[in-house]
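If you count the sequence shown from 1, position 158 lands on 664 in the working numbering, and the numbers rise without skipping. First up is the structure itself, then whatever we jot down about it.
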Amino acid sequence: MRIDLHTHSTASDGTDTPAELVRNAAAAGLDVVALTDHDGVGGHTEAIAALPAGLTLVTGAELSCRLNGPDGLSLHMLAYLFDPAEPEFARERELVRDDREPRARTMVAKLNELGVPVTWERVAELAAGGAVGRPHVASAMVELGVIDTVSDAFTPQWLAGGGRAYAEKHELDPFEAVRLVKAAGGVAVLAHPMALKRGHCVPESAIAELASAGLDGIEVDHMDHDAPTRARLRGLAAELGLLTTGSSDYHGSRKTCRLGEFTTDPEIYGEITRRATGAFPVPGAGG
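Written out as structure tokens, the structure is:
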């Protein structure tokens, strides 16, 4: 089995519609794909309706979180197979989503002050009705020739945390996120915790505390983790009793990663599905 547990559609900041994403996942030879758009589940219904035969969909979301403390580190939590209607968790996701547009408008204003003529109208157009985010602002910058790729925007010069055009947004406390996911019957996996390329490295001590609070796993095999980092994370996961996943973090044409670029071991996937009580993987037609 080929299992990719981290992808995005136009319901957040990907360029494939949910229907296109599942069709492309099947064409890439995947058996299981998780749709984990940022802070929302708006793409799930379309993805389920379009599922090709032989492909199973894991419903999920990637949650925006921030550690409390002097550094206020942002991190992302992958939530799988939770009940999307559980009211407390649904309210928290809505609060995060509602803050996305004001945040993006602030970043556009800061870029304008820096002499970059990005317009809100173009950023909103690129979001195409999905949850607007930094990748849409970055795409507008690419169009203007300010940067070469979307990834180039995620630096202190531009949109990285603390960067010249960065703006804060409402984010969940990661310990609260784990609690909410578990209370909704889901499984919580820390996304790309040591993505040094984007200045994003969660301290091992924080990962250990999250494990004690009920975290199920960490995403190890990811394009932003080099081989030594993956080895380090595997060792840490073994020490803490955490599951280890692998994923593409696919965003369509917005990023260079390919569907199935990294995958999750079938035994780990089986354990995730065993732990989940909020929802079940959805097989495609004839699956």
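By construction, the Cβ of each residue, glycine as well, lies at the ideal position given by its N, Cα and C atoms. What you are looking at is a predicted structure, and each value in this text was computed from that prediction instead of being measured.
Exposure of residue i, with buried meaning 16 or more beta-carbon neighbours within 10 Å
i, result
"phenylalanine 768", "buried"
"methionine 507", "exposed"
"aspartate 654", "exposed"
"leucine 650", "exposed"
"leucine 727", "Contrary to the premise, residue 727 reads as aspartate rather than leucine in this sequence. With 16 or more other Cβ atoms within 10 Å, it is buried."
"alanine 532", "buried"
"arginine 572", "buried"
Unbroken alpha helix (DSSP H) run spanning residue i, endpoints
i, result
"threonine 735", "733 to 746"
"arginine 597", "593 to 604"
"threonine 800", "Given that the chain is displayed from residue 507 to residue 793, the structure contains no residue 800 and the question cannot be resolved."
"arginine 572", "Per DSSP, arginine 572 belongs to no alpha helix (DSSP H); it is in the beta strand (DSSP E), 562 to 572."
"alanine 630", "626 to 633"
"isoleucine 653", "Where isoleucine 653 is concerned, there is no enclosing alpha helix (DSSP H), given that its DSSP letter is neither H nor E."
"glutamate 682", "680 to 689"
Proximity below 9 Å, CB of residue i to CB of residue j
i, j, result
"valine 547", "proline 590", "yes"
"alanine 646", "leucine 632", "yes"
"leucine 692", "alanine 717", "With the sequence shown as reference, residue 692 is identified as glycine, and leucine is not the correct amino acid for it. Taking 9 Å as the Cβ cut-off, glycine 692 and alanine 717 do not qualify as a contacting pair."
"histidine 706", "serine 580", "yes"
"serine 753", "aspartate 510", "yes"
"arginine 764", "alanine 534", "yes"
"alanine 701", "alanine 610", "no"
Residue i - containing beta strand (DSSP E), residue span
i, result
"tyrosine 586", "580 to 586"
"alanine 540", "538 to 541"
"valine 528", "Unbroken run through valine 528 is the alpha helix (DSSP H), 524 to 533; no beta strand (DSSP E)."
Per-residue DSSP class, three states only, for residue i
i, result
"leucine 665", "coil"
"serine 718", "helix"
"proline 789", "strand"
"glycine 752", "strand"
"leucine 765", "coil"
"alanine 694", "strand"
"histidine 544", "strand"
"histidine 550", "helix"
Separation of residue j from residue i, as counted between CA atoms
i, j, result
"valine 684", "alanine 596", "14 Å"
"aspartate 522", "isoleucine 713", "32 Å"
"glutamate 715", "threonine 751", "19 Å"
"glutamate 773", "glutamine 663", "42 Å"
"alanine 744", "asparagine 618", "47 Å"
"arginine 640", "leucine 541", "19 Å"
"methionine 583", "proline 699", "9 Å"
"tyrosine 586", "leucine 536", "18 Å"
"lysine 688", "glutamate 592", "11 Å"
"valine 695", "glutamate 725", "7 Å"
"leucine 749", "threonine 551", "28 Å"
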